[in-house]
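Working notes, structure below.
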Amino acid sequence: MIIDLRSDTVTRPTAGMKDAMFSAPIGDDVFGEDPTVNALEEKAAKLFGKEAAIFCPSGTMTNQIAIRLHTRIQTEVICHKYSHIYLYEGGGIMANSLASVKLLEGDLGKITADQVKAAINPDDVHAPETTLVSLENTMNKGGGSIYTLNEIKPIRKVCDEHGLKLHLDGARLFNALVESGESPAAWGAQFDTISICLSKGLGCPVGSLLLGSKADIKRARKVRKAWGGGMRQAGFLAAAGIYALDHQVDRLKEDHARARTLGEMLLKLPFISEVFPVATNIVIARLEGMSPEDFMKKLSGQQIKSVKFGPDLVRFVTHLDFEDEHLEEFGKRIGRIF
Ligand SMILES: *Cc1c(COP(=O)(O)O)cnc(C)c1O
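Residue numbering for the sequence shown follows my numbering, beginning at 637 and increasing consecutively.
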């Protein structure tokens, strides 16, 4: 048995999800006629108290569309230096929107309202105009760390005072919400746009949603079309999303519990100097006296997959195909090599 902890994207649809997919009513979504896509978009928008939503092939596309909506050429986005939108989207801020980016530092991948305020450019011929702040929850590179609403509200206030838009990369927002107990609608109220991924912890094969105002989502449809993201009988995929929202949100807590145990197991090993605080389903371990490559090679020898996450870091992500038996087996196997 292979234990694949590279990402929460490696899951296969559950039997219930497959049934939902293959029995979904479908139509041509480019004509707006796929009833299942429409139902998913309405359901997600309503859940977060937003006016509208658009279903896209990836979270990169939903984030990049949001950046396009909230910037123009020669404007600037403020985000943490470890943000997915900056590090892992192929330089899209520049390539898709011709915008600049200001990177902030902060513990566990998080930034504060004071930092945002200080990073807004003056109204000056030399500086790109700041138009957008983008946050990430949970924060992937911060070890799955969580923002709470009390940290977001002051940032929203700064954005309002300076006429800035606020976007949330919520690829793993549900992981944060099941831990904090905060409601999707309360989060929807703080942001102009929110991106959520169905293909991460929620266990869908494909898909992300961008949520926002009617006007923003109308423009988003045109951007998606221009980027080749208009899909036809996408209801098969949207049905997986509806199923996941109905059946696979609460269980994220199990992933978090297993991640905490996994973190404790790792911390007992030689060569591991630190494990980032495990807040959700991501476990990042720091190595000392062994390279990530050598460490990962030992793990691969035991059929355990992980990813390098920095010069001395290795990442493990728990997910719905990693159950108690896998966790137990993980413990046995690492006991054999170290
Ligand atoms: C996975 C992820 C995305 C979107 O990635 P896609 O693979 O394009 O769907 C965006 N932000 C974060 C933090 C992610 O982990």
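Ideal Cβ positions, reconstructed from N, Cα and C, are used throughout, including at glycine.
Legend entry - Sub-9 Å separation of Lys836 and Asp957 beta-carbons: Stepping through the sequence shown from its first residue, residue 836 is reached at position 200. Stepping through the sequence shown from its first residue, residue 957 is reached at position 321. No, Cβ-Cβ distance for Lys836 and Asp957 is not below 9 Å.
Legend entry - Nearest residue (CA-CA) to Phe907, options Glu900, Met901, Ser831 and Gly925: The residue labelled residue 907 in the question sits at position 271 within the sequence shown. When only C-alpha atoms are compared, the closest one is Gly925.
Inset, instruction - Report buried or exposed for His762, applying the criterion of at least 16 other Cβ atoms within 10 angstroms of its Cβ. - result: As a working note, residue 762 is residue 126 in the sequence shown. That one is exposed.
Inset, instruction - State the start and end residues of the unbroken alpha helix (DSSP H) segment that holds Lys854. - result: Counting from one through the sequence shown, the residue named residue 854 turns up at place 218. Taken as a continuous stretch (DSSP letters only), the alpha helix (DSSP H) holding Lys854 covers Lys850 to Ala862.
Inset, instruction - Could you check what DSSP says for Leu641 in three-state terms: helix, strand or coil? - result: Numbered from its first residue, the sequence shown carries residue 641 at position 5. In this structure, Leu641 counts as coil in the three-state DSSP scheme.
Inset, instruction - Report back the beta-carbon spacing between Arg792 and Gln826 to the nearest angstrom; my notes put them in contact at under 8 Å. - result: Counting from one through the sequence shown, the residue named residue 792 turns up at place 156. Counting from one through the sequence shown, the residue named residue 826 turns up at place 190. Their Cβ separation, rounded to whole angstroms, is 5 Å, which keeps Arg792 and Gln826 in contact under 8 Å.
Legend entry - CA-to-CA distance, Glu964 to Ala702, given in whole angstroms: For this step, residue 702 is matched to residue 66 along the sequence shown. For this step, residue 964 is matched to residue 328 along the sequence shown. Distance between the alpha carbons of Ala702 and Glu964: 41 Å.
Inset, instruction - Quick one: give me the first and last residue of the alpha helix (DSSP H) that His803 is part of. - result: In the sequence shown, residue 803 corresponds to position 167, counting from 1. Here His803 belongs to no alpha helix (DSSP H); instead the beta strand (DSSP E) covers Lys801 to Gly806.
Inset, instruction - Mind checking who Lys944 pairs with in its DSSP beta bridge? - result: Numbered from its first residue, the sequence shown carries residue 944 at position 308. Lys944 pairs with Val950.
Inset, instruction - May I ask which residues mark the beginning and end of the beta strand (DSSP E) holding Ile690? - result: One-based indexing of the sequence shown puts residue 690 at position 54. From DSSP, the beta strand (DSSP E) with Ile690 extends over Ala688 to Cys692.
Inset, instruction - Would you give the residue range spanned by the beta strand (DSSP E) that Leu739 belongs to? - result: In the sequence shown, residue 739 corresponds to position 103, counting from 1. Element bounds for Leu739: Ser736 to Leu740.
Inset, instruction - Within the region 886 to 911, note down every full beta strand (DSSP E) run reaching 3 residues or more, in order along the chain. - result: 908 to 911
Legend entry - Proximity below 9 Å, CB of Met932 to CB of Pro693: Residue mapping note: residue 932 aligns to position 296 of the sequence shown, counting from 1. Residue mapping note: residue 693 aligns to position 57 of the sequence shown, counting from 1. Contact: no.
Inset, instruction - Output the distance between the C-alpha atoms of Gly967 and Gln938, rounded to the nearest integer angstrom. - result: As a working mapping, residue 967 is identified with position 331 in the sequence shown. As a working mapping, residue 938 is identified with position 302 in the sequence shown. Each residue's Cα considered, the two are about 11 Å apart.
Inset, instruction - Ignore the nearest five residues each way along the sequence and tell me which others in Asp886's own chain have a CB closer than 7 Å to its CB. - result: Within the sequence shown, residue 886 is the residue found at index 250, counting from 1. Counting only Cβ-Cβ distances below 7 Å, and skipping sequence neighbours, we find Val814.
Legend entry - Own chain residues within Cβ distance below 6 Å of Leu873, not counting five before or after: Mapped onto the sequence shown, residue 873 falls at position 237. So the qualifying residues of the chain are Val842 and Gly843.
Inset, instruction - Would you mind sorting Gln710 into buried or exposed? The rule is 16 or more other CB atoms within 10 Å of its CB. - result: Stepping through the sequence shown from its first residue, residue 710 is reached at position 74. Gln710 comes out exposed.
Legend entry - With 16 other Cβ atoms within 10 Å as the buried cut-off, status of Ala851: What you label residue 851 is simply residue 215 of the sequence shown in a count that begins at 1. By the 10 Å Cβ count, Ala851 comes out exposed.
Legend entry - Neighbourhood of Gly871 by C-beta, 8 Å cutoff - its chain only, sequence neighbours within 5 removed: Residue mapping note: residue 871 aligns to position 235 of the sequence shown, counting from 1. Cβ within range, chain order: Ala660, Pro661, Ile662, Gly663, Asp665, Asp670, Pro671, Thr672 and Val673.
Legend entry - Cα-Cα separation between Phe974 and Ile918, rounded to whole angstroms: Residue numbering aside, residue 974 sits at position 338 when the sequence shown is read from its first letter. Residue numbering aside, residue 918 sits at position 282 when the sequence shown is read from its first letter. Roughly 22 Å separates the two Cα atoms.
Legend entry - Close beta carbons around Leu923, own chain, < 8 Å, minus the five adjacent residues each side: The sequence position of residue 923 within the sequence shown is 287, counting from 1. The residues are Phe907, Ile908, Ser909, Phe931, Asp948, Leu949 and Val950.
Inset, instruction - For my contact list, Asp891 and His962 are in at a C-beta cut-off of 8 Å; report their separation, rounded to the angstrom. - result: As a working note, residue 891 is residue 255 in the sequence shown. As a working note, residue 962 is residue 326 in the sequence shown. Not confirmed; about 11 Å, so no contact.
Legend entry - Extent of the continuous beta strand (DSSP E) to which Glu924 belongs: Locating residue 924 in the sequence shown gives position 288, where the first residue counts as 1. From DSSP, Glu924 is part of no beta strand (DSSP E); its letter is neither H nor E.
Inset, instruction - Kindly examine ligand 1 and report whether one of its heavy atoms sits closer than 8 Å to the Cβ of Lys944. - result: One-based indexing of the sequence shown puts residue 944 at position 308. Outside the cutoff, so no.
Inset, instruction - Let me know the secondary structure DSSP gives Thr647 once reduced to three states. - result: Taking the first residue of the sequence shown as position 1, residue 647 is located at position 11. Three-state DSSP puts Thr647 in coil, outside helix and strand.
Legend entry - N-terminal and C-terminal residue of the beta strand (DSSP E) that Val769 is part of: Mapped onto the sequence shown, residue 769 falls at position 133. Note, Val769: beta strand (DSSP E), Glu765 to Glu772.
Inset, instruction - Go to Ser819, then tell me how far its beta strand (DSSP E) extends in each direction, as first and last residue. - result: For the purposes of this step, residue 819 is taken as the residue at position 183 of the sequence shown. Premise fails: Ser819 is in no beta strand (DSSP E) and is neither H nor E.
Legend entry - Beta-carbon spacing of Gly695, Ser831 below 9 Å: On the sequence shown, residue 695 is found 59 positions in, with the first residue counted as 1. On the sequence shown, residue 831 is found 195 positions in, with the first residue counted as 1. Yes, these two residues count as a Cβ contact at 9 Å.
Inset, instruction - Output the distance between the C-alpha atoms of Thr766 and Arg704, rounded to the nearest integer angstrom. - result: Counting from one through the sequence shown, the residue named residue 766 turns up at place 130. Counting from one through the sequence shown, the residue named residue 704 turns up at place 68. Taking the straight line joining both Cα atoms gives about 14 Å.
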